[in-house]
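**Q** My questions all concern the structure below.
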Amino acid sequence: MFSVLTDNWPLFRDGFWLTIRLFLVSGVLSLVFGTALGAFRVSPVPALRGFGTGYVNILRNTPLTLVFAFLFFGAAKMDLALPNPFWTAVGALTIYTSAFICEVVRSGVNTIAPGQAEAARAVGMSFVQVLTIVVLPQAFRAIIPPLMSVLIALLKNTTIAAGFSVVEAGSIPAAMSERGENQLVTLFWITIGFLILIVPLIFLQRWAERRTAVA
Amino acid sequence: MSAVLYEAPGPRAKRRNRISNIVVLVVLLGAITWLILRMYDYGQFEGRLWRQFQYSSIQRQMLDGLLNTLKAAGLAAVLALLFGAVFAAARISDHKWLRTPATLIVELFRAVPLLILMFYFYFGNIQFGLGLGPFWAVVFGLTLYNGSVLAEIFRAGIAAVPKGQREAAYALGLRKNQVVRLVLLPQAISAMLPAIVSQLVVLLKDTALGFIITYGELLYVAKQMGGRLTYGFPYIPTYMVTAVIYIGLCSLLSLLARYLEGRSRRRRKITGAPPPLPLTTDPGSAPPI
């Protein structure tokens, strides 16, 4: 049981390290793009709103595997391929996850009663002040729990890159299969690895939920 | 426009918004034109790349792929609903020995990546020669993951029925089984329906993972079609057609979810039934924990 892990330790270590890197890089990029898209969707400019809505509706109804396939096989046909498999995977994960982060941000902002902002403007606050002092601190509370869910999903979705020859944790079974190792034991250790990564995120989410809850 | 962030625009803001609108439209149109020209320059509109869609044998192949997708999604949906119902019942049980393992199992399957769940069945089948093809790996994987999410939706839906309903039912002397079956479930169902349907959209999308474990669904067929040298590797045309099919199917289901949500919200105004559960923001595998 343990020998499967210890004999192939470099494979597991490198695989999970790449998973973590994929997660962190595409997590940060998705937060940036998703927030920008969310801002588009609540903006007073109709064209920006339309773009945001279109983007979200298309991407949310497309399988992530298709986004991967398009970037890996399709984009090269127009010379638009990203430099290497790692960045292509990051691109696919970011394009997809941004749509979900956008929705989280938008619905978070929409939970604030308009009276809050009206009151803030009535006492003479500027747009930036309304946003940073009144709206965001309150929206944060509604944003954190679903945002963590989206990030947990992103971590799990990194495994799809295994189908496109990115050697992250999800690709360990294929490599182990060539070495003739016991696959179920391999999968057991991969499961443990993902639980080690995900359980802290779940606890962080619950903690943040309690922390920001209204007493 | 969000009433929270922006005041009703005055004359100057209106003009500014109109100008920004035009600028954004020009930029968007420019981007789309650039993309189309780029596709044109790289010959993506050449007849050769699109020709195979005309052949009935290839149309049938795509149709088979689509049917395989729907077959896996349909069977997995039925099994996941069953799984969800059983485990939700176990999770609201009064018996700790039933509740604790059910909670553990549901939490476990929600935390493990779906592809890894499919791998268990796929490689397990190879290792033990069970004679289960990739179809069953896809179906069982989808069942375990989505069943667990659905169990959580069912549980939350029942918990969202106002406490007074349960108390009144117990006060009338109904048994727990009757309280759940006659009082809580009928009220919870309409609140849960939108969330259930939007989880089924996730399930449908996730059948595309079958591509990775060589299940011959739509995306798998698309890869084969795109890889044909005779037609000049028409990856882009095939993926465009595939995307339209997926987006069409999922949008229909999403619209249904939205319609059900609106209906249950309207009904709530009249009857005071519990509000609809939030639609999952589930990007394919995340639980709304």
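First to last, the protein sequences are chains B and W.
Residues in the first sequence are numbered consecutively from 1, following the UniProt record's numbering.
Residues in the second sequence are numbered consecutively from 1, following the UniProt record's numbering.
A virtual CB, placed ideally from N, CA and C, is assigned to each residue, including glycine.
Keep in mind it's a predicted model, so treat the numbers as computed, not measured.
Using a C-beta to C-beta distance shorter than 9 Å, which residues of chain W count as neighbours of Met-78(B)?
**A** Leu-35, Arg-38, Met-39, Asp-41, Tyr-42, Gln-44 and Ile-236, listed in chain order.
**Q** Would you say Glu-152(W) reaches chain B, if we count a Cβ-Cβ gap shorter than 9 Å as a contact?
**A** For Glu-152(W), the answer is no, since every Cβ of chain B falls outside 9 Å of its Cβ.
**Q** Do you know offhand how far Gly-50(B)'s Cα is from Arg-41(B)'s?
**A** So the two alpha carbons sit approximately 7 Å from each other.
**Q** Going along the chain, which residues of its own chain have a beta-carbon closer than 6 Å to the beta-carbon of Ala-161(B), five neighbours each way excluded?
**A** Only Ala-89 and Glu-168 meet the Cβ criterion.
**Q** When you check each C-beta in the region 165-194 of chain W against every C-beta of chain B, which residues fall closer than 8 Å?
**A** Of all residues in the region 165-194 of chain W, none has a Cβ within less than 8 Å of some Cβ in chain B.
**Q** For the alpha helix (DSSP H) holding residue 297(W), just list the boundary residues, first then last.
**A** For chain W, the structure presents residues 1 to 289; residue 297(W) sits outside this window and is missing.
**Q** If you measure from the beta carbon of Pro-134(W) to each beta carbon in chain B, is any gap under 9 Å?
**A** For Pro-134(W), the answer is no, since every Cβ of chain B falls outside 9 Å of its Cβ.
**Q** In chain order, what residues of the region 236-266 of chain W put their CB closer than 7 Å to some CB of chain B?
**A** The region 236-266 of chain W vs chain B, Cβ under 7 Å: Ile-236, Tyr-239, Thr-242, Ala-243, Tyr-246, Ile-247, Cys-250, Ser-251 and Ser-254.
**Q** Using the three-state DSSP reduction, which class does Val-167(B) fall into: helix, strand or coil?
**A** Correct three-state label for Val-167(B): coil.
**Q** Does the region 48-65 of chain W come into contact with the region 229-246 of chain W, if we say contact requires no fewer than three beta-carbon pairs (one atom in each stretch) closer than 8 Å?
**A** Cβ pair count under 8 Å is three or more, so yes.
**Q** Closest Cβ-Cβ distance between Gly-226(W) and chain B: below 9 Å?
**A** It does; some Cβ of chain B falls within 9 Å.
**Q** Counting only C-beta atoms, is Ala-286(W) closer than 9 Å to chain B at any point?
**A** At Ala-286(W) the pLDDT is 39, less than 50, meaning the model places this residue with poor confidence and gives no usable figure here.
**Q** Put Asn-110(B) into one of helix, strand or coil per three-state DSSP.
**A** Asn-110(B) falls in the helix class under three-state DSSP.
**Q** Only counting runs of 4 or more residues, tell me where the alpha helix (DSSP H) segments fall wholly within the region 95-183 of chain W, in order along the chain.
**A** You should have 96-111, 114-128, 134-159 and 163-171.
**Q** Can you tell me whether Ala-31(W) is buried or exposed? The criterion is at least 16 other CB atoms within 10 Å of its CB, across all chains shown.
**A** Ala-31(W) should be labelled exposed.
**Q** Run through chain B and tell me which residues come within less than 7 Å of residue 294(W), C-beta to C-beta.
**A** Because chain W is modelled from 1 through 289, residue 294(W) falls outside the range shown and cannot be assessed.
**Q** At a Cβ cut of 7 Å, what residues of the region 88-110 of chain W count as close to chain B, listed as they run along the chain?
**A** Listed in sequence order: no entries.
**Q** Please say whether Val-197(W) and Ala-257(W) have beta carbons closer to each other than 9 Å?
**A** Cβ distance < 9 Å, so Ala-257(W) and Val-197(W) count as in contact.
**Q** Report whether the distance from the Cβ of Leu-63(W) to the nearest heavy atom of the ligand FAD is below 8 Å.
**A** Ligands displayed in this structure: none; no statement on the ligand FAD is therefore possible.
**Q** Determine, using beta-carbon pairs with one atom in the region 78-86 of chain W and one in the region 130-146 of chain B, whether at least three such pairs fall under 8 Å.
**A** The answer is no - the region 130-146 of chain B does not touch the region 78-86 of chain W, with fewer than three Cβ pairs under 8 Å.
**Q** With a threshold of 9 Å between beta carbons, is Leu-204(B) in contact with chain W?
**A** Not closer than 9 Å to any Cβ of chain W, the Cβ of Leu-204(B) fails to qualify, so no.
**Q** Can you list the residues of chain W that Gly-163(B) reaches, using a CB-CB cut of under 9 Å?
**A** Correct list: Leu-115, Leu-209, Phe-211, Ile-212 and Ile-213.
**Q** Could you check the C-alpha separation between Trp-189(B) and Ile-116(W) for me, to the nearest Å?
**A** Rounded to whole angstroms, Trp-189(B) to Ile-116(W) spans 11 Å at the Cα level.
**Q** Could you spell out the range, first to last residue, of the alpha helix (DSSP H) harbouring Gly-54(B)?
**A** Gly-54(B) -> alpha helix (DSSP H) spans 46-60.
**Q** What is the DSSP secondary structure of Ser-30(B), counted as helix, strand or coil?
**A** It is helical.
**Q** Just checking my contact of Ile-245(W) with Pro-134(W) at CB under 8 Å: how many whole Å lie between their CB atoms?
**A** No, Ile-245(W) and Pro-134(W) are not in contact; Cβ-Cβ is about 21 Å, not under 8 Å.
**Q** How far does the alpha helix (DSSP H) with Leu-187(B) in it extend, from its first residue to its last?
**A** Start and end: 183-212.
**Q** DSSP state of Glu-261(W), grouped into three classes?
**A** Reduced to three states, the DSSP call for Glu-261(W) is helix.
**Q** Under 7 Å Cβ to Cβ from Leu-81(W), same chain only, skipping five residues before and after it: list those, please.
**A** Once the five neighbours on either side are set aside, the close Cβ partners of Leu-81(W) are Leu-150.
**Q** Pick out whichever of Thr-238(W), Arg-175(W) and Arg-267(W) has its Cα sitting closest to the Cα of Lys-77(B).
**A** That would be Thr-238(W), whose Cα lies nearest to the Cα of Lys-77(B).
**Q** The alpha helix (DSSP H) spanning Asn-68(W) covers which residue range?
**A** Here the alpha helix (DSSP H) through Asn-68(W) covers 56-91.
**Q** In whole angstroms, give me the CA-to-CA distance for Ser-285(W) and Leu-204(W).
**A** With a pLDDT of 41 at Ser-285(W), under the threshold of 50, the modelled position of this residue cannot be trusted; read the value that follows with caution. Near 12 Å, if we compare the C-alpha coordinates of Leu-204(W) and Ser-285(W).
**Q** Could you pull the start and end residues of the alpha helix (DSSP H) that Phe-140(B) belongs to?
**A** It spans 136-157 - the alpha helix (DSSP H) in which Phe-140(B) sits, taken as one unbroken run.
**Q** Given that a residue counts as buried once 16 or more other Cβ atoms are within 10 Å of its Cβ, and exposed if not, what is Pro-287(W)?
**A** With a pLDDT of 36 at Pro-287(W), under the threshold of 50, the predicted position of this residue should be treated as unreliable, and no value is reported.
**Q** Output needed for Thr-159(B): all residues of its chain with C-beta closer than 6 Å, excluding positions within five of it in sequence on either side, in chain order.
**A** Result list for Thr-159(B): Gly-170, in chain order.
**Q** How is Arg-228(W) classed by DSSP in three states: helix, strand or coil?
**A** Coil, per DSSP.
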